[in-house]
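Structure first, commentary second.
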Amino acid sequence: RYRLVFVFSTPEDNVPPRSLCDHHLPAFIDMFDQMLERVVNGPGFLDMRGVDAKMYLVLSLRAFNRGPPMIPHNSPCSEESFHISVGERLGLASWIRFKPHEKFHMSEYLQCFVERLGYQL
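Residue numbering for the sequence shown follows the working numbering, beginning at 1391 and increasing consecutively.
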């Protein structure tokens, strides 16, 4: 079950009169909340969430203060590769720096990363 939190703001010089906010804003928020709850927790969405639970990948990147991000390497060992023991059970024990002498582009990295995992985008 999803819970949604809706947060918005307006510039101070565009704030509607208080009487408008007192009556209409709470009604709008309640109506919006009910509509979203029906959609997000509806039967079609529940089925889709079940499928999605088996079909996603989480990729976490941090600041690259020690060079470009790592990417799985096809060859088991080389001078440029690093052994990452955590990846052994997935067949991803050998990693290299992604294009260390070129400008980093996230789209290229993701494309290459997904291909190294055996998928096509």
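We treat Cβ as the ideally placed atom computed from N, Cα and C, and that holds for glycine.
Because the structure is a prediction, the values reported are computed rather than measured.
What residues match up with residue i in a beta bridge as DSSP calls it?
i	result
P1462	W1485
F1472	W1485
G1457	N1455
Tell me the residue span of the alpha helix (DSSP H) that contains residue i.
i	result
F1503	M1496 to R1506
R1439	P1433 to D1442
Near residue i, what residues of its chain come up, given a Cβ to Cβ distance below 6 Å and the 5 sequence neighbours on each side ignored?
i	result
F1488	P1458, P1459, I1461 and Y1499
H1463	S1471, S1484, W1485 and I1486
So, are the CB atoms of residue i and residue j less than 8 Å apart?
i	j	result
F1435	V1429	yes
Going along the chain, which residues of its own chain have a beta-carbon closer than 8 Å to the beta-carbon of residue i, five neighbours each way excluded?
i	result
F1494	F1454, P1458, P1459 and F1488
Going along the chain, which residues of its own chain have a beta-carbon closer than 7 Å to the beta-carbon of residue i, five neighbours each way excluded?
i	result
L1511	Q1501 and V1504
Q1424	none
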